[in-house]
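Student: Mapped onto the working numbering, the consecutive letters of the sequence shown carry residue numbers 20 to 73.
We treat Cβ as the ideally placed atom computed from N, Cα and C, and that holds for glycine.
None of the values given here were measured: they were computed from a predicted structure.
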Amino acid sequence: MGVDLLINLCMAVKENRVTGFLLCGFLIALNVLNLIALSVIRTGVQCHNFSASS
Numbered sequence: 020m021g022v023d024l025l026i027n028l029c030m031a032v033k034e035n036r037v038t039g040f041l042l043c044g045f046l047i048a049l050n051v052l053n054l055i056a057l058s059v060i061r062t063g064v065q066c067h068n069f070s071a072s073s
């Protein structure tokens with residue numbers, strides 16, 4: 020799936036730079052949100068474990 024997205028992104032950049040730029044920004048934003056969500060979940064689990072143990 021990821022490879023198809025990259026191929027589509029490359030095609031979009033060739034066709035229209037603005038579309039490619041927007042797609043690229045969207046993918047970067049998704050990755051950043053994913054990282055933030057993962058870190059928030061990890062922190063929440065750690066806090067939960069800490070409060071449960073004390």
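Straight-line CA distance for K33 to F69?
Tutor: In a straight line, the C-alpha of K33 is about 51 Å away from that of F69.
Student: Name the residue from L28, S72, T62 whose alpha carbon lies nearest to the alpha carbon of I47.
Tutor: Among L28, S72, T62, the Cα nearest to that of I47 is on L28.
Student: Just the C-alpha distance for R61 and L54, rounded to the nearest angstrom, thanks.
Tutor: Rounded to the nearest angstrom, the two C-alpha atoms are 11 Å apart.
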